[in-house]
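**Q** This structure is in structure tokens; I'll ask about it shortly.
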Amino acid sequence: MQAVALPTMESELRALAWATLLTPACAVYARFAARCLRPGIPRLAALLPTFPVFVYMPCMFSSLHLRLFSTFFHTWLATNKLVLLALDLGPLHPRLPLLPFVLCAGLPIKIFLTLDLVFSCVMLVSAALVGATLERQRQFNTPLAVASLNGFWGRQWNLMAVDLLRESAYEPVRARWGRDVGVLAAFLMSGLLHELLYWYLTLQQPRGEMLLFFMFHAAFQIAERWARAAGLWRPPKAVAYLLVTAFMVVTISEMFFGPFVRAGTDVRLKEETVAMVELIWGARKYLLRPFRVASS
1 MQAVALPTME SELRALAWAT LLTPACAVYA RFAARCLRPG IPRLAALLPT FPVFVYMPCM
61 FSSLHLRLFS TFFHTWLATN KLVLLALDLG PLHPRLPLLP FVLCAGLPIK IFLTLDLVFS
121 CVMLVSAALV GATLERQRQF NTPLAVASLN GFWGRQWNLM AVDLLRESAY EPVRARWGRD
181 VGVLAAFLMS GLLHELLYWY LTLQQPRGEM LLFFMFHAAF QIAERWARAA GLWRPPKAVA
241 YLLVTAFMVV TISEMFFGPF VRAGTDVRLK EETVAMVELI WGARKYLLRP FRVASS
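Position 185, counted from 1, in the sequence shown is what the UniProt record's numbering calls 185; the numbers after and before it change by one each time, with no gaps.
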């Protein structure tokens, strides 16, 4: 069975160099095209050549960690932002100065910038370069305190992706066919993107399990809202926390992480993490040598 090649320092540095070169180049081109063309089909057609670049970018990496980050940065967010730019929506705008435009296109940030968890260090550097203030909204808002499926997916988990899904899928569909169909459209898009992530990390043909997970949650989210509106689902808060958390733990562990575990992705990620820790631990004596010399 085909698998992702094992990473080497040389292969990952080369991939990082290409990503560092291609991402700003595509962003600069997108800004130029957007300034010259009106929103709609002309602008979308001009931006189309950048989409294959961002879709291919995770494939340049052999490290599953870097493939995961590249999928989020490039294939999901950058491509989504450029589609919204073609429609004159979203965080990108042709009138943005060049540096903020490039940073906003290539990183999970927006003006004013927002970022969290492992992306926080990237955000601090970007904020210093752009001179913007950090947004108060966090990327993950107490995701472990789950009392409602609507609250978890709409206000607690991966807020940057939620904002883009809301603009690119939920709002346009809701305006035409109603709220419930808009929810289904947003979860459908998320499911398809996670099917692509599954292929990036395993190189195995997706079997629809990611799509099934997200559509399953979409159906339960809609049912939860209906039940609340009809007065059929109003449990005490402690009971709601217990039941919804149990539902999330079971479905996420079995339906979402299960396919990755069966493909051996968890083992590969652990091996990469151990190798990185060993590399840093082995390099500590070289990193600390200048301080030892200064103190002697």
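Positions of the beta carbon are idealized from the N, C-alpha and C atoms, including for glycine.
#1: Answer yes or no: do Val244 and Val146 have a C-beta to C-beta separation smaller than 8 Å?
#2: Do Val53 and Leu85 have their C-beta atoms within less than 8 Å of each other?
#3: Would you mind stating whether Gly154 and Ala27 have Cβ atoms separated by less than 8 Å?
#4: Between the Cα of Arg166 and those of Ser148, Val55 and Lys81, spot the shortest distance and give me the residue it belongs to.
#5: For chain D, find out if any of its Cβ atoms is closer than 8 Å to the Cβ of Asn80; answer yes or no.
#6: Between the alpha carbons of Thr102 and His93, how many angstroms are there, rounded?
#7: Have a look at Met255 and Met248 and give me their C-alpha separation to the nearest angstrom.
#8: Quick one: is Gln205 buried, meaning 16 or more other Cβ sit within 10 Å of its Cβ, or exposed?
#9: For Leu224, I'd like the list of residues in its chain whose CB is within less than 8 Å of its CB, leaving aside the five on either flank, ordered along the chain.
#10: I'd like the list of long-range same chain contacts for Ala3, defined as Cβ closer than 7 Å, with 5 residues on each side in sequence excluded.
#11: Report yes if the C-beta distance between Ala30 and Met60 is below 8 Å; otherwise report no.
#12: With respect to the alpha helix (DSSP H) encompassing Gln221, which residues constitute its N-terminal and C-terminal limits?
**A** For this structure:
#1: On the sequence shown, residue 244 is found 244 positions in, with the first residue counted as 1. On the sequence shown, residue 146 is found 146 positions in, with the first residue counted as 1. Yes, the pair counts as a contact, with Cβ atoms nearer than the cut-off.
#2: Counted from its first residue, the sequence shown places residue 53 at position 53. Counted from its first residue, the sequence shown places residue 85 at position 85. No; because the gap between Cβ atoms is not below 8 Å, this pair is not in contact.
#3: For this step, residue 154 is matched to residue 154 along the sequence shown. For this step, residue 27 is matched to residue 27 along the sequence shown. The answer is no: Cβ separation not under 8 Å.
#4: Taking the first residue of the sequence shown as 1, we reach residue 166 at position 166. Comparing C-alpha distances from Arg166 to each of Ser148, Val55 and Lys81 shows the shortest one belongs to Lys81.
#5: Looking at the structure shown, chain D is missing, and only one protein chain is on hand.
#6: Along the sequence shown, one-based indexing puts residue 102 at 102. Along the sequence shown, one-based indexing puts residue 93 at 93. Residue identity differs from the one stated: residue 102 is Val in this sequence, not Thr. One C-alpha to the other measures close to 11 Å.
#7: Within the sequence shown, numbered from 1, the residue matching residue 255 stands at position 255. Within the sequence shown, numbered from 1, the residue matching residue 248 stands at position 248. Answer to the nearest angstrom: the Cα atoms are 10 Å apart.
#8: Along the sequence shown, one-based indexing puts residue 205 at 205. When all chains shown are included, Gln205 counts as exposed.
#9: Position 224 of the sequence shown holds residue 224. According to the sequence as given, residue 224 is Glu; it is not Leu. Excluding positions up to five away in sequence, the list reads Ser148, Leu149, Asn150 and Trp233.
#10: Reading the sequence shown from its first residue, position 3 is the one you call residue 3. Excluding its 5 nearest sequence neighbours in each direction, Ala3 has C-beta neighbours in its own chain below 7 Å: Leu203, listed in chain order.
#11: As a position in the sequence shown, residue 30 is number 30, starting the count at 1. As a position in the sequence shown, residue 60 is number 60, starting the count at 1. Taking C-beta atoms as the reference points, Ala30 and Met60 fail to come closer than 8 Å.
#12: The residue labelled residue 221 in the question sits at position 221 within the sequence shown. Unbroken alpha helix (DSSP H) run through Gln221: Glu209 to Ala229.
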